[in-house]
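In my numbering, the protein residues as written are 1104 to 1513. Down below is the structure, laid out as C-alpha cells.
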Ligand code: ADP
C-alpha cells in the first residue's frame, strides 16, 4: 500500500492506532445484516471496517463506526471506499464486475473475492457453464435465449422445468417452475438469456462452506442441512443429520475443489441438492458469509463472519471445529409483532441457552429480521426450543401458546 497523506478523519486516526495483526482496513460494500455481523468480529480482531451503505438506517450502517453513503453500483462511491482501505469485500454479490476489474488492475486495493471468482456467484449461467466444464455435479441445464429453446428443453423433461434469471435473484425471486414455453416470455424480454434446469426431485437441501485465503490456505466447515420456507432459508441443522462420514468428506472435498478451481477468497457457500439415491448436485454459490453458516457464530470455534474477515485480510484462518455435537439455527422472518422486544425478552427468559441475533431491521412480513441458535446434543429438542423462541419473538408473547415441555408441540 503506498504512503497516503494523513486524513483529517477518524479512519486515519484508527489507521495510526494500528492493532490489527496484519492487513489493515477492510471495507465492506453493502450494509445489510451480513455486514453488520462482520462488525463484531472486526472489533475483536482490531480490523477497522468502514461500510458502504445506501441509507444510514441500513442494518450495518446503523451500528458501524464509519459509514460512507453511496451506491454499490456507482463507481465513484466504490472508489471512495476503496481509497480508505487495503481490502474491499462484500455483503452481497451485486457490485458490477467492471468496477471491480478496474480496481483490481490498478492494484492499490485488493478485491476479495476477486471479480473473476465473484462472477460465478453473480451469474448463474456462467456458474453452470464453468462447473460443468470442471466436471462438478450439476442438475441438467439449458441456456435459453428464446421461447423455442425453452420448448426444446421442456420436451426433454417430464413437462416441468425450473427457469432462473441469471442475475440479481435472491430468496427465490428469479426462480420459476414453468410448464409451457411462453411462461418465461417476460423474463426473456427483460434479461435476454435465462437458465433452465431440470426440476430436481431432491430429498433435502445441504450447504457446504469453505474459507480460503489469497495464498490458497483453506478449510471447510461441516456440511449442514437447510430447510427453505417460501424460498427463504428458514432452518439449519449442523452437521446435516444422517449424513455419514464418507458423504461429509466427499461433499467437503467438492466444496474445497470449487473454491480452488474458482480461486475464491473469503467464505464460499456451496448450496446443494441431495437426491433419494444419495447423489449430490450443486445448486448455487455464494462468496460471502451465508445464511446457512449463521450457526457457526455460536456453534463453531470460529464463526463464519470472523473467518471471512480473517480470510480476506489474509490472516491465519481459525478452527472450524464444532463446539457441540449439534447446532441449530432458525431464521426470524417478520410476522405479527412489530415490536420484537417483549417476545425477545420472553424467549431469552424461557431458555437461557438461547442465542439471539437481531439485525436492527424494521419488521415486514417474511423479511429476515434476525435468527436464533442453540447448540447441544439432540437436534429435535434444539429445534423445538428454537421454534418456540421464534414464535415468541415473531408473534409476540401474548399470541404465543408456549408448550409446557420441550417436544410437547411445535
Ligand atoms: P436464489 O438465488 O433466489 O436463492 P436458488 O437458485 O437457490 O435461488 O433457488 C431457490 C430455491 O428454489 C432453492 O433453494 C430450491 O428450493 C428451489 N430450486 C432451485 N433450483 C431448483 C431445481 N433445479 N430443482 C428443484 N428445486 C430448485
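Idealized CB from N, CA, C, for every residue including glycine.
Contact set for residue i: own chain, Cβ-Cβ below 6 Å, skip 5 residues either direction
{"i": "residue 1389", "result": "1224 and 1372"}
{"i": "residue 1387", "result": "1374"}
{"i": "residue 1441", "result": "1466"}
{"i": "residue 1182", "result": "none"}
{"i": "residue 1247", "result": "1253, 1297 and 1299"}
Host beta strand (DSSP E) of residue i (start-end)
{"i": "residue 1443", "result": "Element bounds for residue 1443: n/a, residue is neither H nor E."}
{"i": "residue 1284", "result": "Segment: none, residue 1284 is in no beta strand (DSSP E) and carries neither H nor E."}
{"i": "residue 1389", "result": "1383 to 1389"}
{"i": "residue 1150", "result": "Careful: residue 1150 lies outside any beta strand (DSSP E) and carries neither H nor E."}
Limits of the alpha helix (DSSP H) - the one that residue i falls within
{"i": "residue 1474", "result": "Careful: residue 1474 lies outside any alpha helix (DSSP H), inside the beta strand (DSSP E) at 1471 to 1479."}
{"i": "residue 1534", "result": "Given that the chain is displayed from residue 1104 to residue 1513, the structure contains no residue 1534 and the question cannot be resolved."}
{"i": "residue 1309", "result": "No alpha helix (DSSP H) holds residue 1309; the beta strand (DSSP E) holding it covers 1305 to 1315."}
{"i": "residue 1377", "result": "Looking at the DSSP string, residue 1377 is not in any alpha helix (DSSP H); the run it does join, the beta strand (DSSP E), is 1369 to 1378."}
{"i": "residue 1460", "result": "From DSSP, residue 1460 is part of no alpha helix (DSSP H) but of the beta strand (DSSP E) over 1458 to 1461."}
{"i": "residue 1302", "result": "Element bounds for residue 1302: n/a, residue is neither H nor E."}
Three-way DSSP call (helix, strand, coil) for residue i in this model
{"i": "residue 1223", "result": "helix"}
{"i": "residue 1495", "result": "helix"}
{"i": "residue 1400", "result": "helix"}
{"i": "residue 1210", "result": "coil"}
{"i": "residue 1167", "result": "coil"}
{"i": "residue 1243", "result": "coil"}
{"i": "residue 1323", "result": "strand"}
Near the ligand ADP: residue i beta-carbon under 7 Å from a heavy atom
{"i": "residue 1275", "result": "yes"}
{"i": "residue 1302", "result": "yes"}
{"i": "residue 1464", "result": "no"}
{"i": "residue 1267", "result": "yes"}
{"i": "residue 1555", "result": "The shown model of the chain, from 1104 to 1513, leaves out residue 1555, and the question about it has no answer."}
{"i": "residue 1278", "result": "yes"}
{"i": "residue 1468", "result": "no"}
{"i": "residue 1387", "result": "yes"}
Sequence-distant residues of the same chain with beta carbon closer than 7 Å to residue i, five excluded per side
{"i": "residue 1282", "result": "1262 and 1263"}
{"i": "residue 1285", "result": "1250"}
{"i": "residue 1454", "result": "1488 and 1492"}
{"i": "residue 1199", "result": "1176"}
{"i": "residue 1254", "result": "1284"}
Presumed contact (8 Å Cβ cut-off) between residue i and residue j, rounded CB distance
{"i": "residue 1478", "j": "residue 1459", "result": "14 Å between Cβ atoms; not a contact."}
Proximal residues to residue i (C-beta, below 8 Å), its chain only, five neighbours per side dropped
{"i": "residue 1269", "result": "1226, 1227, 1228, 1229, 1294, 1296, 1297 and 1298"}
{"i": "residue 1217", "result": "1203, 1207, 1366 and 1368"}
{"i": "residue 1427", "result": "1402, 1478, 1479 and 1480"}
{"i": "residue 1320", "result": "1419 and 1420"}
Any C-beta of chain C under 8 Å from that of residue i
{"i": "residue 1459", "result": "No chain C is present in this structure, which holds just one protein chain."}
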